[in-house]
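A short worksheet on the structure shown next.
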Amino acid sequence: MIKAILKEGERIDQLFSSDVRIIQNKDVFSYSIDSVLLSRFPKMPSKGLIVDLCSGNGAVGLFASTRTKAAIVEVELQERLADMGRRSIQLNQLE
Numbered sequence: 001m002i003k004a005i006l007k008e009g010e011r012i013d014q015l016f017s018s019d020v021r022i023i024q025n026k027d028v029f030s031y032s033i034d035s036v037l038l039s040r041f042p043k044m045p046s047k048g049l050i051v052d053l054c055s056g057n058g059a060v061g062l063f064a065s066t067r068t069k070a071a072i073v074e075v076e077l078q079e080r081l082a083d084m085g086r087r088s089i090q091l092n093q094l095e
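The numbers in UniProt numbering rise by one with no breaks, and the one at position 13 of the sequence shown is 13.
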């Protein structure tokens with residue numbers, strides 16, 4: 001199943017400290033330590049709604065999902081990145 005959701009040039013990355021898996025492509029934005037820190041820095045509400053604007057491939061929202069029960073909405077204008085984000089959400093069974 002995992003290979004079926006990957007497109008040419010894509011890979012799945014996973015931090016050693018997290019079960020979150022994220023689809024990335026070296027030709028476009030890939031998450032780095034900044035995304036990990038940004039997802040861990042703010043105090044997360046236990047419920048409600050979190051909106052991640054310019055979410056790229058969804059890394060910040062996906063990492064944040066491990067810290068809250070709040071709904072997370074990711075917004076990305078670049079279709080290629082938005083598609084990777086959608087598939088990463090599916091990969092992590094967070095639809």
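Beta carbons are placed, not taken as given, at the ideal position from N, Cα and C, and that holds for glycine.
Quick caveat, the model's predicted, so the values are computed rather than measured.
Could you pull the DSSP bridge partners for residue i from this structure?
| i | result |
| --- | --- |
| L91 | L91 pairs with nothing; no bridge assigned. |
| R21 | Q14 |
| L49 | A71 |
Between the Cα of residue i and those of the options, spot the shortest distance and give me the residue it belongs to.
| i | options | result |
| --- | --- | --- |
| G56 | A71, T66, L77 | L77 |
| F63 | F29, D83, I89, E8 | I89 |
| residue 99 | R67, R87, L6 | No answer is possible for residue 99: it lies beyond the span of the chain, which begins at 1 and ends at 95. |
| S18 | M44, S39, D83, K43 | S39 |
Ordered along the chain, which non-local residues of its own chain (more than five positions away) have a Cβ less than 6 Å from that of residue i?
| i | result |
| --- | --- |
| L53 | V75 |
| Q14 | R21 |
| G58 | E74, G85, S88 |
| S35 | A59, V60 |
| I5 | R87 |
Ignore the nearest five residues each way along the sequence and tell me which others in residue i's own chain have a CB closer than 8 Å to its CB.
| i | result |
| --- | --- |
| K69 | S46, K47 |
| A71 | G48, L49, I50 |
Beta carbon of residue i, beta carbon of residue j: below 8 Å?
| i | j | result |
| --- | --- | --- |
| F29 | L91 | no |
| I23 | I33 | no |
What residues in its chain sit with their C-beta under 7 Å from that of residue i, if we drop five residues either side in the sequence?
| i | result |
| --- | --- |
| G61 | D52, S55, I72, E74 |
| D27 | G9 |
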